[in-house]
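Following: one structure in C-alpha cells, then a few remarks.
Numbering (our numbering), first residue to last: 57 to 129.
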C-alpha cells in the first residue's frame, strides 16, 4: 500500500498485489477497483464469483486508515 497527498493527477491511495515479485493486482483511489494484472488471475472470478468485488471492498476499506495516517503526518 502507498498513500500520497497533494500531488496533482496522482492517486491518493494505491495497493498492488505481488506474487514472487510479479504484479497480480492493482487498486487505486482513481479507479476505486481492485483489478487483475495477470491473465491467470481472471480465473479467480471464474472459480469464486464475486472475488474481485470482495477484493475491491477490502482495498477500499483500508484506504481511510491510510488517509488518516497522512493527515497525522
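The beta carbon of each residue, even a glycine, is placed where N, CA and C say it ideally should be.
Check whether residue i and residue j have beta carbons under 7 Å apart
| i | j | result |
| --- | --- | --- |
| residue 29 | residue 94 | Residue coverage of the chain in this structure runs from 57 to 129, which leaves residue 29 outside it and unanswerable. |
| residue 102 | residue 108 | no |
Beta-carbon proximity list for residue i, same chain, < 7 Å, skipping 5 on both sides
| i | result |
| --- | --- |
| residue 86 | 67 |
| residue 62 | none |
Best match in the options for proximity to residue i [C-alpha to C-alpha]
| i | options | result |
| --- | --- | --- |
| residue 88 | 106, 69, 97 | 69 |
Supposed contact pair residue j and residue i - C-beta distance, whole angstroms, cut 8 Å
| i | j | result |
| --- | --- | --- |
| residue 90 | residue 111 | 4 Å |
Residues near residue i by beta carbon distance below 6 Å, same chain, minus five either side
| i | result |
| --- | --- |
| residue 119 | 69 |
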